[in-house]
Structures are given as structure tokens and as C-alpha cells.
Amino acid sequence: MNLRLIIDAHEDLAYNALVMGRDFHLTAQATRARESHAARDHVALRELPQHGGLALLGLPDLLRGNVRVVFATLYATPANNPYNLPGRTYTTPEQAEALAREHLAYYALLAADPRITLITSRADLERVIAAREPKLGLVLLMEGADPIVRPEDAASWFASGVRLVGPSWGATRYAGGTGAPGPLTELGRALMRDLSRAGFILDTSHMSEASFFEALDLFEGPVVASHSNARVFVPTDRHLSDDMIRAIAVRDGVIGVVLYNAFLKQGWREAGARKDDVPLAIAVEHIKHMCDLAGDTRHVGIGSDFDGGFGVESAPREIDTVADLQKVAEALSAAKFGDEDIDNILSENWLRILRKALPADGAAQ
Ligand SMILES: [Zn+2]
628 MNLRLIIDAH EDLAYNALVM GRDFHLTAQA TRARESHAAR DHVALRELPQ HGGLALLGLP
688 DLLRGNVRVV FATLYATPAN NPYNLPGRTY TTPEQAEALA REHLAYYALL AADPRITLIT
748 SRADLERVIA AREPKLGLVL LMEGADPIVR PEDAASWFAS GVRLVGPSWG ATRYAGGTGA
808 PGPLTELGRA LMRDLSRAGF ILDTSHMSEA SFFEALDLFE GPVVASHSNA RVFVPTDRHL
868 SDDMIRAIAV RDGVIGVVLY NAFLKQGWRE AGARKDDVPL AIAVEHIKHM CDLAGDTRHV
928 GIGSDFDGGF GVESAPREID TVADLQKVAE ALSAAKFGDE DIDNILSENW LRILRKALPA
988 DGAAQ
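Take the sequence shown: its position 349, counted from the start at 1, is 976 in the working numbering, and no numbers get skipped.
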């Protein structure tokens with residue numbers, strides 16, 4: 628089978644390693660086996676899969692599925708989160724910074740593997756894309772901007788290799804977020820200026836509607852939503868209203884559709900949460916709706932969020948591991964998307980954003 632190039636705009640790799648105690652170098656299958664043995668034998672892995680479900684990915688699965696580029700998160704967990712998330716949490720900006728620096732150090736460690744590259748420049752990107760042997764490039768994304776202690780520290784995070792910043796998760800010191808509406812704060816307005824100046828891509832996923840539109844006015848660079856679905860199908864503030872989708876398209880941005888059943892089908896959990904109830908065709912409905920609003924297929928991609936708090940039992944029917952992202956092509960084809968449109972959605976749109984936003988040559992340390 629001819630594998631298409633795939634870019635996945637949202638995976639919490641460091642969180643899975645550092646908080647869930649997972650080994651990225653194992654296959655998803657091996658991680659599942661390891662965790663089920665641990666549960667049986669009462670071995671104390673740091674956190675067992677009740678928090679994350681059955682693993683969807685590991686490096687071998689990504690390589691096998693030709694998922695060449697992943698936007699990998701630096702995610703610090705706020706102490707006041709409503710989900711009782713495992714691991715250490717922060718209450719102060721300095722604690723958030725320390726947690727995010729640990730994620731950064733983890734990615735530096737991963738990049739010691741010759742198959743893995745930290746992509747900080749266009750030159751890095753093109754090298755990863757052109758490689759003949761299987762490769763994985765990581766573009767670092769800070770999810771929730773609290774680790775940026777002062778807005779002017781944005782430049783030093785850029786110098787550390789981070790290329791996208793999402794100001795919100797829940798509400799942060801910078802902006803209203805999921806389940807916590809509100810505009811940008813005074814600090815948030817300053818952050819938009821410093822993020823623009825440093826050269827970041829703005830990730831609007833998790834931003835409240837008020838902070839989203841304010842941010843688009845103030846931020847001057849490329850705008851994306853790394854992992855968000857269409858609110859018309861799943862009406863919560865976690866997803867994008869039609870106005871937000873149009874606004875991202877007008878900025879020539881891209882939206883990553885999340886392949887999490889509860890984000891694809893309204894009431895899925897309440898209806899008994901059967902994996903079989905959500906085929907990839909439902910994800911294609913989100914994609915198609917966004918394409919219809921944008922007027923073309925240039926503003927949608929994949930932001931799977933695999934291993935972002937859910938596992939294979941909560942992913943669409945056809946998905947066993949991340950390698951099955953290849954099957955999104957078949958689902959799109961069944962819905963009459965053409966070959967070029969499919970490539971746009973699986974990789975070309977994210978490539979366009981990265982080529983526009985990344986500095987030409989590697990300057991980051
Ligand atoms: Zn998220």
C-alpha cells in the first residue's frame with residue numbers, strides 16, 4: 628500500500644512519558660500489554676490507564692503509518708483543573724515553567740534517537756519530509772501559556788525551540804479558556820505582542836470565543852487551532868463556532884480535527900460510549916463542514932489528540948493505533964474528496980503553515 632504523508636497537529640507525548648510513565652519507544656500494543664500486566668500484578672506504574680485509556684501510539688506506530696510530523700505538547704497541569712488529572716500540578720507561574728521545562732528536556736532526550744528530529748526551522752522540516760527512511764519530526768507546542776512567566780519571556784521559549792503557543796487550556800493568566808469564558812487579560816494582550824514579535828504560530832484551541840477574537844485582532848502571525856472540532860455538531864465551548872472557523876480560514880490558518888469520539892458525536896458518552904458507534908465518516912462530516920465554510924480544502928487537517936486523556940476505546944471504529952490515520956484517506960475518498968484535497972488535509976495544509984512560519988535555518992538551541 629502506498630502510504631501518504633501525514634502530519635498530526637496534536638499529541639501529548641511528554642505528558643504520556645512523564646506523567647503516565649509510558650515508554651514512547653514501545654508500540655501501542657506493547658504499552659497496552661505492559662499496563663495490563665502491571666494492573667494484574669499490582670506493579671506500581673506511575674499512573675495506570677484509567678486516566679488515559681489504552682495506548683494509541685508509540686514511535687514504531689508513527690513510523691509505520693508515515694506520520695512524519697507531530698506537534699508535540701508542553702503541557703503543565705493546573706492544580707485547579709476540574710478533571711482530577713494525575714501527576715504534579717502548578718499553582719504559580721514558576722511551577723508551571725518548571726513543569727514545561729521538564730517536557731522540553733524530555734523532547735531533547737527523544738531527539739537523541741537518530742529517527743527523531745526536533746523541527747525548529749524550514750531546513751529541519753524539509754530534511755524530515757524528504758528522508759527516504761522512516762523519520763519523525765516534532766514541532767513543539769505549548770498548550771496553555773502559564774509557563775511563560777512574563778510575556779517578554781516568549782522570546783526565550785522560542786529560542787528553546789517552541790514554535791506554537793496556545794494561550795488557554797482552561798483559563799490561564801492570559802486568557803479565558805475551555806469551561807472558563809472570558810477575554811484576554813491585560814497580560815494576555817501583552818503576550819499577543821510578544822508572541823508575534825518572537826515569530827510564534829498562535830494555537831487558538833481551547834480559547835474562549837471572546838479571547839479568540841481579541842487575540843486574532845492583536846496577533847500578527849499565522850493562526851491555527853491544533854485540535855478542535857465543529858461546534859455545530861458538538862455544541863460546547865471546547866469547539867469552534869462557524870464564525871471562528873471562518874475567521875481562521877480568512878487568516879489562511881488550519882484547524883486540526885480531533886479523533887476523539889466524544890468530540891465527534893454529541894451525546895456519545897451518555898449513549899453508552901461504544902467505539903463502534905463512531906465511524907471515521909463522522910470525522911469527515913466535521914472536515915466537510917469546515918471545508919464548506921472555508922470554501923476550499925486548504926484550512927483543515929488532523930490534530931488527533933491521541934493519548935490526550937483517551938485511548939483506543941474512545942477513538943473511531945477504524946482506528947487501532949495512530950498508524951490507522953492512513954484510513955482517514957479512505958474515509959475522505961468515500962465522501963468524494965479528490966486526491967489533492969486528501970493530501971491537503973493529511974499534510975499539505977500543515978506544511979504550508981510551517982513553511983510560512985518557521986525560520987529558514989536552525990537558530991534554536
Ligand atoms: Zn487540549
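We treat Cβ as the ideally placed atom computed from N, Cα and C, and that holds for glycine.
Since the structure is predicted, the reported quantities are computational estimates derived from the model, not experimental observations.
**Request:** Using the Cα positions of residue 792 and residue 825, report the straight-line distance between them to the nearest angstrom.
**Result:** Locating residue 792 in the sequence shown gives position 165, counting from the first residue. Locating residue 825 in the sequence shown gives position 198, counting from the first residue. The alpha-carbon atoms of residue 792 and residue 825 are separated by roughly 11 angstroms.
**Item:** Test item: CB-CB of residue 766 and residue 981 under 8 angstroms
**Value:** Translated into the one-based positions of the sequence shown, residue 766 becomes position 139. Translated into the one-based positions of the sequence shown, residue 981 becomes position 354. Result yes, Cβ atoms of residue 766 and residue 981 sit closer than 8 angstroms.
**Prompt:** What span of residues does the beta strand (DSSP E) with residue 877 cover, start to end?
**Reply:** Translated into the one-based positions of the sequence shown, residue 877 becomes position 250. Per DSSP, residue 877 lies in no beta strand (DSSP E) segment; the continuous alpha helix (DSSP H) that holds it begins and ends at 869 to 877.
**Asked** From 955, 707 and 805, pick the residue whose C-alpha is nearest to that of residue 913; which is it?
**Response** Your numbering for residue 913 matches position 286 in the sequence shown. Taking only the C-alpha atoms, the option nearest residue 913 is 955.
**Asked** Would you say residue 783 touches ligand 1, meaning its beta carbon is less than 7 angstroms from a heavy atom?
**Response** The residue labelled residue 783 in the question sits at position 156 within the sequence shown. In this structure, residue 783 has its beta carbon at no less than 7 angstroms from each heavy atom of ligand 1.
**Request:** Determine the direct distance from the alpha carbon of residue 745 to that of residue 737, and round the result to whole angstroms.
**Result:** On the sequence shown, residue 737 is found 110 positions in, with the first residue counted as 1. On the sequence shown, residue 745 is found 118 positions in, with the first residue counted as 1. One C-alpha to the other measures close to 9 angstroms.
**Asked** In angstroms, rounded to a whole number, what distance separates the CA positions of residue 804 and residue 838?
**Response** Walking along the sequence shown from the start, residue 804 turns up at place 177. Walking along the sequence shown from the start, residue 838 turns up at place 211. Looking at the two C-alpha atoms, the distance is approximately 8 angstroms.
**Helix, strand or coil at residue 828 according to DSSP, with G and I counted as helix** = By 1-based counting over the sequence shown, the position of residue 828 is 201. Three-state DSSP puts residue 828 in a strand.
**Asked** Ends of the alpha helix (DSSP H) at residue 909?
**Response** The count along the sequence shown starts at 1 and reaches residue 909 at position 282. First-last of the alpha helix (DSSP H) with residue 909: 907 to 921.
**Request:** May I ask which residues mark the beginning and end of the alpha helix (DSSP H) holding residue 724?
**Result:** Position 97 of the sequence shown, counted from the first residue, corresponds to residue 724. Note, residue 724: alpha helix (DSSP H), 720 to 737.
**Prompt:** Taking only beta-carbon atoms, is residue 855 less than 8 angstroms away from chain B?
**Reply:** The displayed structure is made up of one protein chain only, and chain B is not part of it.
**Message:** I'd like to know if the stretch 705 to 713 and the stretch 966 to 974 are in contact, where contact means that at least 3 CB-CB pairs between them fall below 8 angstroms.
**Reply:** no
**Item:** residue 636 (DSSP reduced to helix, strand or coil)
**Value:** Along the sequence shown, one-based indexing puts residue 636 at 9. Strand at residue 636.
**Touching by the beta-carbon criterion (3+ pairs, under 8 angstroms), the stretch 812 to 819 and the stretch 849 to 858** = no
**Message:** For the beta strand (DSSP E) containing residue 745, name the first residue and the last one.
**Reply:** On the sequence shown, position 118 is the one that residue 745 refers to. 743 to 745 is the span of the beta strand (DSSP E), which, as asked, contains residue 745.
**Prompt:** Looking at the structure shown, is residue 698 part of a helix, part of a strand, or coil, going by DSSP?
**Reply:** Numbered from 1 along the sequence shown, position 71 holds the residue referred to as residue 698. Note: residue 698 maps to strand in three-state DSSP.
**Prompt:** Do you know whose CA, among 663, 827, 689 and 687, lies nearest residue 679's CA?
**Reply:** In the sequence shown, the residue the question calls residue 679 occupies position 52. For the residues 663, 827, 689 and 687, the minimum Cα distance to residue 679 belongs to 663.
**Ranges of the alpha helix (DSSP H) found wholly within the stretch 777 to 824, counting only runs of at least 4** = 781 to 786
**Asked** At what residues does the alpha helix (DSSP H) containing residue 836 begin and finish?
**Response** The residue you call residue 836 lines up with position 209 of the sequence shown. Start and end: 836 to 845.
**Message:** Are the CB atoms of residue 984 and residue 748 within a distance shorter than 8 angstroms?
**Reply:** Counting from one through the sequence shown, the residue named residue 748 turns up at place 121. Counting from one through the sequence shown, the residue named residue 984 turns up at place 357. Contact flag unset, no.
**Identity of the residue in 942, 961 and 950 nearest residue 631 by Cα** = In the sequence shown, the residue the question calls residue 631 occupies position 4. Of 942, 961 and 950, the residue nearest in Cα terms is 950.
**Asked** Could you give the residue range of the alpha helix (DSSP H) that holds residue 852?
**Response** The residue labelled residue 852 in the question sits at position 225 within the sequence shown. Premise fails: residue 852 lies in the beta strand (DSSP E), 850 to 852, not in any alpha helix (DSSP H).
**Prompt:** Less than 8 angstroms separating the beta-carbons of residue 641 and residue 733?
**Reply:** Numbered from 1 along the sequence shown, position 14 holds the residue referred to as residue 641. Numbered from 1 along the sequence shown, position 106 holds the residue referred to as residue 733. Result yes, Cβ atoms of residue 641 and residue 733 sit closer than 8 angstroms.
**Request:** Hey, could you find the ends of the alpha helix (DSSP H) residue 967 is sitting in?
**Result:** Position 340 of the sequence shown, counted from the start, is the residue given in the question as residue 967. Element bounds for residue 967: 966 to 970.
**Item:** Contacts around residue 676, its chain only, beta-carbon distance under 7 angstroms, and the 5 residues preceding and following it disregarded
**Value:** The residue given as residue 676 occupies position 49 in the sequence shown. Residue confidence for residue 676 is low, a pLDDT of 47 falling below 50, so the modelled location carries little weight; the figure read from the coordinates is stated next. Here the set comprises 662 and 938.
**Item:** Spatial distance of residue 653 from residue 683 (CA atoms)
**Value:** For the purposes of this step, residue 653 is identified with residue 26 of the sequence shown, where counting begins at 1. For the purposes of this step, residue 683 is identified with residue 56 of the sequence shown, where counting begins at 1. When rounded, the distance between both Cα atoms is 11 angstroms.
**Request:** Pull up the DSSP beta-bridge partners for residue 770, would you.
**Result:** As a working note, residue 770 is residue 143 in the sequence shown. Residue 770 pairs with 702 and 793.
**Asked** Apart from the five residues on each side of it in sequence, which residues of its chain come closer than 6 angstroms, Cβ to Cβ, to residue 637?
**Response** Looking up residue 637 in the sequence shown gives position 10. Same-chain partners within the cutoff: 698, 853, 854, 883, 930 and 932.
**Asked** Quick one: does the C-beta of residue 797 sit closer than 7 angstroms to a heavy atom of ligand 1?
**Response** Stepping through the sequence shown from its first residue, residue 797 is reached at position 170. The answer is no for residue 797.
**Message:** Tell me whether residue 833, by its Cβ, gets closer than 7 angstroms to a heavy atom of ligand 1.
**Reply:** Residue 833 sits at position 206 when you count from the first residue of the sequence shown. For ligand 1, at least one heavy atom lies less than 7 angstroms from the Cβ of residue 833.
**Request:** Can you give me the Cβ contacts of residue 834 inside the same chain, cut-off strictly under 8 angstroms, excluding the 5 residues immediately before and after it?
**Result:** By one-based count along the sequence shown, residue 834 stands at place 207. Cβ neighbours of residue 834 within its own chain (closer than 8 angstroms, five residues either side excluded): 793, 794, 795, 802, 803, 804 and 842.
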